[in-house]
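S.K.: If you want our numbering, it's the 1-based position in the sequence shown plus 8.
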Amino acid sequence: LQVGQALFMPSRITNKRFVQTGGYDSTVLTTDLDQLTEAYPFIRRRVIGTSVMGKPIEEIRIGNGSKRVHFNGSFHAHEWITTPVLVEFINDYALALTNQTPIRGLSMLPYYNDVELSIVPMVNPDGVDLVINGLPTSEPYRSEVLEINGGSTDFSGWRANIIGVDLNNQYPAKWEQEASLKPSQPSPRDYPGRAPLTEPEAIAIARLTLDSDFSRVLAFHTQGQVIFWGFEGLEPPESEVIVNEFARVSGFRPIQYTDSYAGYKDWFIKQWKRPGFTVELGLGTNPLPFSDYPQIYEDAVGIMLASMYM
9 LQVGQALFMP SRITNKRFVQ TGGYDSTVLT TDLDQLTEAY PFIRRRVIGT SVMGKPIEEI
69 RIGNGSKRVH FNGSFHAHEW ITTPVLVEFI NDYALALTNQ TPIRGLSMLP YYNDVELSIV
129 PMVNPDGVDL VINGLPTSEP YRSEVLEING GSTDFSGWRA NIIGVDLNNQ YPAKWEQEAS
189 LKPSQPSPRD YPGRAPLTEP EAIAIARLTL DSDFSRVLAF HTQGQVIFWG FEGLEPPESE
249 VIVNEFARVS GFRPIQYTDS YAGYKDWFIK QWKRPGFTVE LGLGTNPLPF SDYPQIYEDA
309 VGIMLASMYM
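Pasting the structure below:
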């Protein structure tokens with residue numbers, strides 16, 4: 009160092025990078041992830057695939073542990089409130105690590121060393137953007153979406169991707185049974201596609217999962233304040249122990265089996281015989297009002313932390 013030479017020292021960040029305000033579309037997500045990765049160099053970010061319309065599907069990773077835990081949100085378009093929940097958790101976790109401050113009385117550094125967290129905040133960017141912003145400007149999507157929606161421009165009930173396939177009915181776990189019970193053509197919700205894993209968004213998550221050796225997965229949906237945790241008796245005994253802790257910290261009700269198939273957590277349990285969960289945040293009619301967000305986030309934080317320490 010020369011006398012008088014300026015030395016650049018990065019200032020430690022002591023407050024959140026952003027505050028959630030609603031209408032959380034794919035553009036807001038990109039901006040927030042830009043800010044987070046710039047502020048916290050230990051956050052790893054990559055594109056794991058692209059949507060039908062070519063939008064990036066991004067994954068965030070934090071931590072160096074051998075226990076690999078995966079969260080995802082916005083499989084369903086009108087359940088987009090799950091995305092800011094996951095992004096705010098990334099923000100809070102990074103802030104706590106940087107400042108060595110606890111979350112809910114828990115020091116975060118041991119989790120950073122024990123757990124590698126994988127988070128895909130928005131599985132279905134095209135669908136989310138449709139629900140929040142309305143009709144896309146580009147063809148053929150504009151005309152096709154209108155036709156699938158019966159000519160209506162009210163997309164508040166839209167769950168599917170932009171071409172009317174329900175991404176959480178796309179997995180090879182009793183898919184044929186699900187297909188026999190659900191719409192047989194593109195629809196705002198429930199249509200499982202012409203075969204399993206036809207849609208780029210579902211394929212991106214499947215590839216990520218096949219490549220990642222996850223210990224457990226949590227798919228965040230809305231609504232009902234319940235947690236689905238079984239599939240055909242293939243879930244391991246530890247799933248019940250874990251879900252009971254999720255219930256304790258959130259007040260949510262565990263449900264082992266349901267007459268719904270071909271979901272992401274169903275496939276994960278079937279394929280790996282490891283714990284998989286569908287967490288239904290909030291109560292009411294989708295899309296849930298953003299005024300519910302603070303409570304939804306508080307409920308989710310307890311579950312996310314428990315998924316790391318259990």
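Idealized CB from N, CA, C, for every residue including glycine.
Nothing here was measured: the structure is a model prediction, and the numbers come from that model.
1) Could I get the ranges of all uninterrupted alpha helix (DSSP H) runs contained in the stretch 198–277, with 4 residues as the minimum, in chain order?
2) Please determine if the stretch 80–90 and the stretch 118–131 are in contact, where contact requires at least 3 C-beta pairs separated by less than 8 Å.
3) Tell me whether LYS281 is buried or exposed, calling it buried when 16 or more other Cβ atoms sit within 10 Å of its Cβ.
4) Indicate the three-state DSSP secondary structure (helix, strand or coil) for PHE50 in the structure shown.
5) Can you name the start and end residues of the alpha helix (DSSP H) that LEU3 belongs to?
6) Could I get the ranges of all uninterrupted beta strand (DSSP E) runs contained in the stretch 104–180, with 3 residues as the minimum, in chain order?
7) Using the three-state DSSP reduction, which class does HIS86 fall into: helix, strand or coil?
8) Using a Cβ-Cβ cutoff of less than 7 Å, which residues in the same chain neighbour ARG53 once the five nearest sequence positions on both sides are dropped?
9) Pick helix, strand or coil for GLY81, following the three-state DSSP scheme.
10) Quick one: residues in its chain with C-beta nearer than 8 Å to the C-beta of THR206, no 5 flanking neighbours on either side, listed in chain order?
11) Looking at the structure shown, is LEU291 part of a helix, part of a strand, or coil, going by DSSP?
12) Cβ atoms of ALA85 and TRP166: under 8 Å apart, would you say?
M.R.: Taking the structure as given:
1) The stretch 198–277 contains these whole alpha helix (DSSP H) runs: 208–220, 246–258.
2) Verdict: yes, contact present.
3) Exposed: under 16 other Cβ atoms inside 10 Å.
4) If DSSP states are grouped into helix, strand and coil, PHE50 belongs with coil.
5) Residue 3 cannot be examined here, being either before or after the span of the chain that is shown, 9 to 318.
6) For the stretch 104–180, whole beta strand (DSSP E) runs of length 3 or above, ordered along the chain, are 123–128.
7) In this structure, HIS86 counts as helix in the three-state DSSP scheme.
8) Exclusion of the five residues before and after ARG53 leaves LEU41, THR45, GLU66, ILE68 as the residues of its chain whose Cβ lies within less than 7 Å of its Cβ.
9) Here GLY81 sits in strand by DSSP.
10) Residues of the same chain with a CB within less than 8 Å of the CB of THR206, apart from the 5 flanking positions on each side, are VAL173, GLN178 in chain order.
11) In the structure shown, LEU291 adopts coil according to DSSP, grouped into three states.
12) With contacts defined as CB atoms closer than 8 Å, TRP166 and ALA85 qualify as a contacting pair.
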